[in-house]
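**Q** In our numbering, the protein residues as written are 1242 to 1428.
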Ligand SMILES: CC(C)(COP(=O)(O)OP(=O)(O)OC[C@H]1O[C@@H](n2cnc3c(N)ncnc32)[C@H](O)[C@@H]1OP(=O)(O)O)[C@@H](O)C(=O)NCCC(=O)NCCS
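1) Given that a residue counts as buried once 16 or more other Cβ atoms are within 10 Å of its Cβ, and exposed if not, what is residue 1280?
2) Under a three-way DSSP split, which group does residue 1363 fall into?
3) Going along the chain, which residues of its own chain have a beta-carbon closer than 7 Å to the beta-carbon of residue 1220, five neighbours each way excluded?
4) So what's residue 1388 in DSSP terms, helix, strand or just coil?
5) Short of 7 Å in beta carbon distance, which residues of its chain neighbour residue 1258, apart from the five on each side in sequence? Order them along the chain.
6) On the premise that residue 1395 lies in contact with residue 1411, defined as a C-beta separation below 8 Å, what is that separation, rounded to the nearest angstrom?
7) Measure the alpha-carbon distance for residue 1283 versus residue 1269 and round it to whole angstroms.
8) Can you find a heavy atom of ligand 1 that lies under 6 Å from the Cβ of residue 1419?
9) Measuring alpha carbon to alpha carbon, tell me which of 1409, 1354 and 1366 ends up nearest residue 1387.
10) Could you give the DSSP three-state label for residue 1399: helix, strand or coil?
11) Pick from 1403, 1311 and 1315: whose alpha carbon is nearest that of residue 1337?
12) So, using beta-carbon positions, are residue 1368 and residue 1420 closer together than 7 Å?
13) Checking 7 Å against the spacing of the C-beta atoms, do residue 1340 and residue 1334 come in under that value?
14) Need the endpoints of the alpha helix (DSSP H) that residue 1262 sits in, please.
15) Can you tell me whether residue 1297 is helix, strand or coil according to DSSP?
16) Mind checking whether the beta-carbon of residue 1348 lies closer than 6 Å to any heavy atom of ligand 1?
17) Which of helix, strand or coil does DSSP assign to residue 1420?
18) By Cβ distance, which residues of its chain are closer than 7 Å to residue 1260, with the 5 residues on each side in sequence left out?
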């Protein structure tokens, strides 16, 4: 069981089948807003869909392919963050995330990302963390920029978003850079 306390307000935890109702309600309540950037939203129409998603993430975790965690603010689910595309050979991983609209603007995702980066470099001893965000998704891009990632370029047409392909800004952070930031007191 994975649980990670970030601070007195925030906690990450591996999603469980019993969270399906709460996860579905959060998704459904934020459908129009999430649809702007999340390609899976139309495939989530019932609580059963959320349960199926949670089960797939638990299989992924059990196989050592990365964690998908619920973000709890004061004990209430307010978003999801994951490690995906985990590549043990090259010791790298990518981070993906979303927040309910009312939870935005408080630094919750920046803090959750910081925890997932600490976990990647600390516990998992990985070498590289990637974040990719739609070039026009300024709120998402602000997160790696705030955390000292380097933008490496733009992956053209790299994500299918319903009826179109969007370009993704590609950001990375290396383990040594994270350690240096920590020594500099920069985070
Ligand atoms: C992308 C997304 C997670 C960003 O949410 P967010 O609330 O802007 O990000 P954070 O939780 O890190 O909060 C940052 C904001 O809180 C403010 N803030 C307050 N306290 C803060 C703190 N301690 N640390 C950092 N930021 C803080 C920041 O100034 C910033 O506000 P601003 O945008 O007005 O400058 C959210 O918009 C979202 O889920 N969008 C839909 C799904 C999506 O696009 N996912 C990403 C796909 S790549």
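In this text, a Cβ means the ideal position worked out from N, Cα and C, and glycines have one as well.
**A** Reading from the atomic positions:
1) Taking the chain shown and counting its residues from 1, one reaches residue 1280 at position 39. That one is exposed.
2) Residue mapping note: residue 1363 aligns to position 122 of the chain shown, counting from 1. Looking at residue 1363 - three-state DSSP - the assignment turns out to be helix.
3) There is simply no residue 1220 to check, as the chain begins at 1242 and stops at 1428 in what is shown.
4) Along the chain shown, read from residue 1 onward, the residue named residue 1388 stands at position 147. Of the three classes helix, strand and coil, the one that applies to residue 1388 here is coil, per DSSP.
5) One-based indexing of the chain shown puts residue 1258 at position 17. Hits under 7 Å: 1292, 1295 and 1296.
6) In the chain shown, residue 1411 corresponds to position 170, counting from 1. In the chain shown, residue 1395 corresponds to position 154, counting from 1. Right, the Cβ-Cβ distance comes to about 7 Å (below 8 Å), so this counts as a contact.
7) Translated into the one-based positions of the chain shown, residue 1283 becomes position 42. Translated into the one-based positions of the chain shown, residue 1269 becomes position 28. About 10 Å.
8) To locate residue 1419, count along the chain shown from 1; it is residue 178. Residue 1419: no, Cβ never under 6 Å from ligand 1.
9) Here the question's residue 1387 lines up with position 146 in the chain shown. That would be 1354, whose Cα lies nearest to the Cα of residue 1387.
10) Taking the chain shown and counting its residues from 1, one reaches residue 1399 at position 158. Residue 1399: strand per DSSP, three-state reduction.
11) As a working note, residue 1337 is residue 96 in the chain shown. Minimum Cα distance to residue 1337 is reached at 1311.
12) Here residue 1368 refers to the residue found at position 127 when the chain shown is read from its first residue. Here residue 1420 refers to the residue found at position 179 when the chain shown is read from its first residue. Not closer than 7 Å, so no.
13) To locate residue 1340, count along the chain shown from 1; it is residue 99. To locate residue 1334, count along the chain shown from 1; it is residue 93. Not closer than 7 Å, so no.
14) If you number the chain shown from 1, residue 1262 lands on position 21. Per DSSP, residue 1262 belongs to the alpha helix (DSSP H) from 1261-1270.
15) Position 56 of the chain shown holds residue 1297. Helix at residue 1297.
16) As a first step, residue 1348 must be located in the chain shown, where it is residue number 107. Flag set: Cβ of residue 1348 near ligand 1.
17) Counting from one through the chain shown, the residue named residue 1420 turns up at place 179. Helix.
18) By one-based count along the chain shown, residue 1260 stands at place 19. Counting only Cβ-Cβ distances below 7 Å, and skipping sequence neighbours, we find 1295, 1311 and 1318.
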